[in-house]
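S.K.: When we follow this note's numbering, the leftmost residue of the sequence shown carries the number -3, and every step to the right adds one. Backbone N, C-alpha and C fix where the C-beta goes; we use that ideal spot for every residue, glycine too. Keep in mind it's a predicted model, so treat the numbers as computed, not measured. Could you have a look at this structure, given as structure tokens, before my questions?
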Amino acid sequence: MTLLRSWVKSANVPQCPFPLNNLPWGVFSTADSPARCGVAIGDAIVDLAACEARGLLDAGGTFARPQLNDFMALGRDKWRAVRQRLTELLAEGGDDSLPLVPMAQAQLHLPIRVTEFTDFYASKNHAFNVGVLFRGPENALPPQWTHMPIGYNGRASSVVVSGTPVRRPMGQLAGKDGPEWLPTRRLDLELELGAVIGGNSQMGERLSVEQAEDLIFGYVLLNDWSARDVQAWEYQPLGPFQAKALATTIGPWIVDQQALEPFRCEGAQRDHPLLPYLREQRPGFYDMTIGWTMNGQTMGQTNYRVMYYSSAQQLAHHTSSGCPMRVGDLLGSGTISGPTPDQTGALLEMTKAGTSPVTVNGQTRLFIEDGDEIALFAWAEGKDYRIGFGPCSGTVTPARNES
Ligand code: MN
-3 MTLLRSWVKS
7 ANVPQCPFPL
17 NNLPWGVFST
27 ADSPARCGVA
37 IGDAIVDLAA
47 CEARGLLDAG
57 GTFARPQLND
67 FMALGRDKWR
77 AVRQRLTELL
87 AEGGDDSLPL
97 VPMAQAQLHL
107 PIRVTEFTDF
117 YASKNHAFNV
127 GVLFRGPENA
137 LPPQWTHMPI
147 GYNGRASSVV
157 VSGTPVRRPM
167 GQLAGKDGPE
177 WLPTRRLDLE
187 LELGAVIGGN
197 SQMGERLSVE
207 QAEDLIFGYV
217 LLNDWSARDV
227 QAWEYQPLGP
237 FQAKALATTI
247 GPWIVDQQAL
257 EPFRCEGAQR
267 DHPLLPYLRE
277 QRPGFYDMTI
287 GWTMNGQTMG
297 QTNYRVMYYS
307 SAQQLAHHTS
317 SGCPMRVGDL
327 LGSGTISGPT
337 PDQTGALLEM
347 TKAGTSPVTV
357 NGQTRLFIED
367 GDEIALFAWA
377 EGKDYRIGFG
387 PCSGTVTPAR
397 NES
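Below, the structure written as structure tokens:
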């Protein structure tokens, strides 16, 4: 696949995250107009609501709404038809009277109303490394890990868009003389990809991996902020709770499956065959660079293809009990880590549970300090173009210490 050239000149510049091949979906507002749906192209946003008002697109009026849920609910055929029409309109020789808004003048919002949030644990490197730190090498990887996607039901209410400040949470921590109530001392990030579910499944209905993939609208960058000291004290036997409820940051742009299709690839090698309900007809991973920075310095970088379970497998497993999925469901991939420390997606791994400091712009860190900015990045690299995801950042502000 090569670059599709657009009459929007900035979209043809090498390494632009938003060429015509990408067309990620989002929600934006400007100083004098309310939030509505748009698509990124070069350094601009196509105003989809204005396009529909002019009769250039047909999405039943859903683009005028301040989230993509109603558009997603129209179904996969509609997603593809609108994408195809936009590709024609934005191509060289297309319609250069399309309503564009400079990205610099737009404020980006949460692209979806997040109905539910589930987070998984699908990088074997990460699961093993963290397991060693919490339980030692013998018990690092739980026996079921290579047989099923492990996850927990998270909070949709604390999912925020890139740029939202993240307050350091207070929490109950284990102390020498009993529990203490303190600001977390071990605030961490988790580098993840979030799958956005664009359709509904019924209660009692089990989805195959292929049916599950058809329900995925697209992917966003996702930082699952984690308070490790809170987590260590609370997590047994029911898993993380307040350690992960403080905030989850997602990127403003949803990159859809069609943009990523040329990068489809195999994931990590399997230890043994999965049960039939988790087997996939074709691999559900993408060859995609993904990483994170602290205060502008690249800290960790790996590839999404290191993952053991795809989002489609996670979604199929999620419905295996008959649990219904809804438009706007968000599924976190789990922390994405490669095998070496500079490929890890969390400070817990990178600093070996806070024992081996890292250097950031000449300062040392074990975990995130107040004022630090964490930003995630990802791109898939074509022959002469890139599929980017835009920003996914958050700056940590001091705890409100109320006893
Ligand atoms: Mn996570």
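1) Taking the continuous beta strand (DSSP E) assigned at C388, which residues delimit it?
2) Taking K74 as the reference, which of P62, L85, T58 and E88 has the closest Cα?
3) Taking only the alpha-carbon atoms, compute the straight-line gap between P62 and I108 and give it to the nearest angstrom.
4) Classify G318: buried if its beta carbon has 16 or more other beta carbons within 10 angstroms, exposed otherwise.
5) Indicate whether T331 and H122 have their beta-carbon atoms separated by less than 7 Å.
6) The ligand MN and E112: does the residue's C-beta get closer than 6 Å to at least one heavy atom of that ligand?
7) What does DSSP give as the partner residues of R382 in its beta bridges?
8) Opposite N299 in the DSSP bridges: which residues?
9) Relative to the C-alpha of F116, which residue among A102, G90 and M144 is closest?
10) What's the gap between the Cα of G214 and the Cα of E84?
11) Which of the three DSSP states is assigned to S307 in this structure?
12) Do you know offhand how far E186's Cα is from L217's?
13) I'd like the list of long-range same chain contacts for A374, defined as Cβ closer than 8 Å, with 5 residues on each side in sequence excluded.
14) Just the Cα atoms here: how many angstroms apart are A40 and Q103?
15) Between D366 and the ligand MN, is there a pair consisting of the residue's CB and a ligand heavy atom that are separated by less than 6 Å?
16) According to DSSP, is A31 part of a helix, a strand, or is it coil?
17) I want to check one thing, is the minimum distance from the CB of E186 to the heavy atoms of the ligand MN below 6 Å?
18) If we call anything under 7 Å between Cβ atoms a contact, is N149 one with R322?
19) So, do the segment 13 to 21 and the segment 255 to 265 have three or more beta carbon pairs nearer to each other than 8 Å?
20) Confirm the yes/no value for this check: CB of D220, any heavy atom of the ligand MN, distance under 6 Å.
21) What are the residues that DSSP puts in a beta bridge with W21?
22) Taking the alpha-carbon of L94 as reference, which of P133, R50 and G71 has the nearest alpha-carbon?
23) If you follow the alpha helix (DSSP H) that D91 is part of, which residue opens it and which one closes it?
24) How about D115: is its Cβ closer than 6 Å to a heavy atom in the ligand MN?
25) Spatial neighbours of L274 within its chain, please: C-beta separation below 6 Å, excluding the five flanking residues on both sides.
26) Express the C-alpha separation of M290 and A342 in angstroms, rounding to a whole number.
27) What does the alpha-carbon distance come out to for the pair V110 and V155?
28) On a Cα-Cα basis, can you pick out the residue from A312, Q238, G280 and Y231 that is closest to S204?
M.R.: According to the structure data:
1) Looking at the DSSP string, the run of the beta strand (DSSP E) that includes C388 is C388 to T393.
2) Nearest C-alpha to K74: T58.
3) If you draw a straight line from the Cα of P62 to the Cα of I108, it comes to about 8 Å.
4) The residue is exposed, with fewer than 16 neighbouring Cβ atoms inside 10 Å.
5) The answer is yes: Cβ separation under 7 Å.
6) Because no heavy atom of the ligand MN lies under 6 Å away, the Cβ of E112 does not count as near it: no.
7) Paired residues: E377.
8) BP columns for N299 point to T285.
9) Among A102, G90 and M144, the Cα nearest to that of F116 is on M144.
10) Each residue's alpha carbon lies about 21 Å from the other.
11) Assigned with DSSP and collapsed to three states, S307 falls in helix.
12) Rounded to whole angstroms, E186 to L217 spans 11 Å at the Cα level.
13) If we look at A374 and ignore the five residues flanking it on each side, its Cβ neighbours are L189, L217, M284, T285, I286, G287, Y300, G384 and F385.
14) Spanning the two alpha carbons is a distance of roughly 12 Å.
15) Incorrect: D366 has no Cβ contact closer than 6 Å to the ligand MN.
16) It is a strand residue.
17) True, at least one ligand heavy atom lies under 6 Å from that Cβ.
18) Taking 7 Å as the Cβ cut-off, N149 and R322 do not qualify as a contacting pair.
19) Contact between the segment 13 to 21 and the segment 255 to 265 is present, because at least three Cβ pairs lie under 8 Å.
20) In terms of side-chain proximity, the C-beta atom of D220 is found nearer than 6 Å to a non-hydrogen atom of the ligand MN.
21) Answer by DSSP bridge pairing, in chain order: V35 and I250.
22) Comparing Cα-Cα distances from L94 to each of P133, R50 and G71, the minimum goes to R50.
23) Per DSSP, D91 belongs to no alpha helix (DSSP H) and is neither H nor E.
24) Indeed, a heavy atom of the ligand MN lies less than 6 Å from the Cβ.
25) Here the set comprises Q309.
26) Roughly 11 Å separates the two Cα atoms.
27) Approximately 7 Å between the Cα atoms of the pair.
28) S204 has its Cα closest to that of A312, out of A312, Q238, G280 and Y231.
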